[in-house]
Amino acid sequence: MNQLSPTPANTNLPVKIAPYTNLVDALEYAAQGDTGFNFYDGRGHLSVVLPYSELRDEARIIARRLLSLGCERGARVGIIAETEPMFHRFFFACQYAGLIPVALPAGIQLGAHGAYVSQVRRMLKSCGASIVVAPDTHANFMAEAVEGLDLLMAGKQSDFDALPEADVEFVPLGADDPAYLQYTSGSTSFPRGVEVTQKTVLNNLMEIARYGLKLNSEDRFVSWLPFYHDMGLVGFILVPLIGQLSVDYLGSRTFAMRPRLWLKILSDNGGTISSAPTFGYALCAKRLRPSDVETYDLSHWRAACVGAERINPEPLQEFAEILEPCGFDQNAFVACYGMAECVLATSFAPLGEGLSVDVVDRKIMADTGEARPSSGDAISTSAYVDCGKLLPGFEFCVLDDNGVELANRHCGHIYLKGPSVMRGYFHDEKSTSEVLSEDGWLNTGDIGYRIDNHLVITSRSKDVIIIKGRNIWPYDLEVLAQQTGGVKLGGVAAFSVSLDGNEEQAVLVVETKEKDADKRVHIIEDISRSIHAHFGINVRIDLTPRGTLPRTSSGKLSRSQSKQDYLARKTLSKVEKSAAQVGDKLPA
Amino acid sequence: MTNSIEAVGEKLAEILTSYLKNNWADSPSSNKTITAATNMVTELQLDSFQVMEFMLEVEDHYDIAIDLDSLSNIHTITDLAAVVIDHQD
């Protein structure tokens, strides 16, 4: 039996990042080389090799089968996006057939059968899907999710094999047609699908490849990120495609079970580009064994991208220290900023320079919004990671609450404009007009400041706590809480509530393992004291068991969900109290 | 009678207890008494990464592969024991 070998680095095809009219053009070009996609199984063994040339052939066959169903041009095809070659085949089949693929979540939690089925169903209804395909592992969930929906077909990949191949000329999606719909993470109850056109995605891919990552023919990608997130789909299917480069995939569940396999594949195959949110690096560092460090060679890894939420430098520095003996260079860290509304990426820190941290005076920041550099101690300062220069196609501005443009180093709302900005949310004019102006400026919803042409993100704007006219960044309160005893990094969420119509009140939900009542009181007192000392505000502190703060599907701490949970707990305890009072009055 | 649901449940409680002690000593779940009736979602509040690591230990111990359909319906240790027995047959 022949042993599989992964697709090689690109040795024979000149790198061509642009121009392309659509993703079909890009695939047709890449298919002339030997590179492609490699899928590793749960034990880290190579299980499927899918060169671009085979993907092209298979996608064409599936496209003819889909067209035999008689669907309209632009009909939506939901694909449950497990880390399997099936996703690539159907995604590109849609490109040939003139259909719009929609990646659906594949992550399933313990005991979450009903929640998962309703999430998929909401998305299918939102995009008005005509066709749905699922991997075998998800067939039963899909069957439940599509019950009663008006579809042309829902099935497993093998069910589609039985369809006849329509004898038609392909009319692939044009430059102004959608390339796919991207559901944004976090929007589980009201899904919003970003409509990404061919022109838009190709523009962002070109900018990422040419200016963000500066791809060359030696590059090789490694990823465990799910394809239903923009980072997985765009960053690790489409960016490699545009550079005709090979990719090695590990399933997200496999990464969760065996995070060390990520580094093993990077080491074995000489991976040069891989991304993760901060927690991915932290989890991996926690599971490493001393013997791994002796065997790995991570010296090829030139771009270790870090994105999603605010970047926390500490766990990354720890990761770099542990892996330094196997050639990992901490200057490989690249801070990135982006969002699905701009395809994927809007800014990259300079390559090869590592994380650049801007240390500013905390009090001035809270009082005036000015990010004034400071050399003070950790208590009097806040540290923010510089997310680098915007890709050349973007313009940005930082505006105050009244829409007036702010100067350098003043915090405000970040707006972006450029050819990679979305046209809007699919069939959702209301949500679109909330974030996108008629002249094309996107309100990112993020807060930050500029240092000349560099961008620094400080917070999500909806998260800002405004007390007596002062803007207080939740992250700053969280950092203070973490500096007191017994509170772990990431174990605290800050937000504001306005209870009973009164003014805003800052709340910190703090995870703790402490059970002793006196010690719990101490924790609350210590944090309150520290925050009062630094910000002069009173906060409510709610202790919760370790591991209970809500996170989004991409692992970000969800402050808004923490707030909802908190309010629900308060309402519940009120109800319980009044029920107890009623109970007291009843005769025994 | 080594594979009665009670016996498997006891063994699983033992695996989970030592998994939490070995890997998450600072988590409140690591001090809890875990029994066959323990609800892993609501009582232990395991996060998705902890769940997957624990499942890996269970799979390795019994040499089985737990499918997603089963996983999505598991709440208690007893639920998991039933899945293990089912997969051993």
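Read top to bottom, the protein sequences are chains A and B. Quick note: the first sequence, position 419, residue 470 per our numbering, numbers continuous. Quick note: the second sequence, position 40, residue 50 per our numbering, numbers continuous. Idealized CB from N, CA, C, for every residue including glycine. Please read all numbers here as calculations on a predicted model, not as lab measurements.
Legend entry - the stretch 264-272 of chain A contacting the stretch 116-128 of chain A, beta-carbon criterion three pairs below 8 Å: no
Legend entry - Under 8 Å from the C-beta of B/Asn83: neighbouring residues of chain A: Result: Gly162, His164.
Inset, instruction - Confirm, please, whether the CB-CB distance from A/Leu224 to A/Ala230 is below 8 Å. - result: yes
Inset, instruction - Just the C-alpha distance for A/Pro376 and A/Asp527, rounded to the nearest angstrom, thanks. - result: 34 Å
Inset, instruction - Taking a Cβ distance cut-off of 8 Å, strictly less, list which residues of the stretch 56-72 of chain B are near chain A, in chain order. - result: Listed by position, the residues of the stretch 56-72 of chain B near chain A (Cβ gap below 8 Å) are Leu56, Asp57, Ser58, Phe59, Gln60, Val61, Met62, Glu63, Met65, Leu66.
Legend entry - Straight-line gap, A/Phe546 to A/Thr595 (C-alpha atoms, nearest Å): 15 Å
Inset, instruction - Take A/Cys462 as the anchor and find which of A/Leu367, A/Asp418, A/Asp428, A/Val385 has the nearest alpha-carbon. - result: A/Asp418
Legend entry - Proximal residues to A/Ala77 (C-beta, below 7 Å), its chain only, five neighbours per side dropped: Tyr71, Leu292, Ile293
Inset, instruction - Return the residue from the list B/Val61, B/Thr45, B/Asn49, B/Val51 that minimises the CA-CA distance to B/Asn33. - result: B/Val61
Legend entry - Environment of A/Phe221 [buried if 16+ CB atoms lie within 10 Å]: exposed
Legend entry - Residue-level contact to chain B via CB, A/Ile159, 8 Å cutoff: yes
Legend entry - Bridge partners - A/Lys207, DSSP secondary structure assignment: A/Ala185
Inset, instruction - List the residues of chain A that B/Val51 touches, going by C-beta distances under 9 Å, in chain order. - result: Correct list: Gln160, Leu161, Gly162, Ala163.
Inset, instruction - Flag A/Ala336 as yes if its beta-carbon sits less than 8 Å from any beta-carbon of chain B, otherwise no. - result: no
Legend entry - Rounded straight-line distance, which links the Cα of A/Thr622 to that of A/Gln632: Because A/Gln632 carries a pLDDT of 47, less than 50, the predicted location of this residue cannot be relied on, and the following value inherits that uncertainty. Those two C-alpha atoms are separated by around 15 Å.
Inset, instruction - With A/Gly129 as the anchor, note down where its beta strand (DSSP E) starts and where it stops. - result: Looking at the DSSP string, the run of the beta strand (DSSP E) that includes A/Gly129 is 127-131.
Legend entry - Minimum C-alpha distance to A/Gln170 - residue among A/Gly286, A/Ile182, A/Leu457, A/Met193: A/Met193
Inset, instruction - For chain B, find out if any of its Cβ atoms is closer than 8 Å to the Cβ of A/Arg304; answer yes or no. - result: yes
Legend entry - When A/Ile151, A/Tyr435, A/Val247, A/Tyr466 are compared against A/Glu123, the one with the closest alpha-carbon: A/Ile151
Inset, instruction - Report yes or no: is there a C-beta of chain B within less than 8 Å of the C-beta of A/His280? - result: Not closer than 8 Å to any Cβ of chain B, the Cβ of A/His280 fails to qualify, so no.
Inset, instruction - Please state whether DSSP places A/Ser609 in a helix, a strand or coil. - result: coil
Inset, instruction - Identify whether A/Thr58 lies in helix, strand or coil by the three-state DSSP scheme. - result: Annotated three-state conformation of A/Thr58 is coil, per DSSP.
Legend entry - Helix, strand or coil at A/Lys566 according to DSSP, with G and I counted as helix: Assignment of A/Lys566 by DSSP, reduced to helix, strand and coil, places it in the coil class.
Inset, instruction - Would you please verify whether the beta carbon of B/Leu30 is less than 8 Å from any beta carbon of chain A? - result: no
Inset, instruction - Mind checking the stretch 550-576 of chain A against chain B and listing, in chain order, the residues whose C-beta falls within less than 7 Å of any C-beta there? - result: Lys564
Inset, instruction - Please state if the CB of A/Leu256 and the CB of A/Val290 are separated by a distance shorter than 8 Å. - result: Between A/Val290 and A/Leu256, the C-beta gap is smaller than 8 Å, which places the two residues in contact.
Legend entry - Spatially closest choice to A/Ile415 from A/Gly427, A/Arg610, A/Ile288, by CA coordinates: When only C-alpha atoms are compared, the closest one is A/Gly427.
Legend entry - Within-8 Å CB hit, A/Met174 to chain B: no
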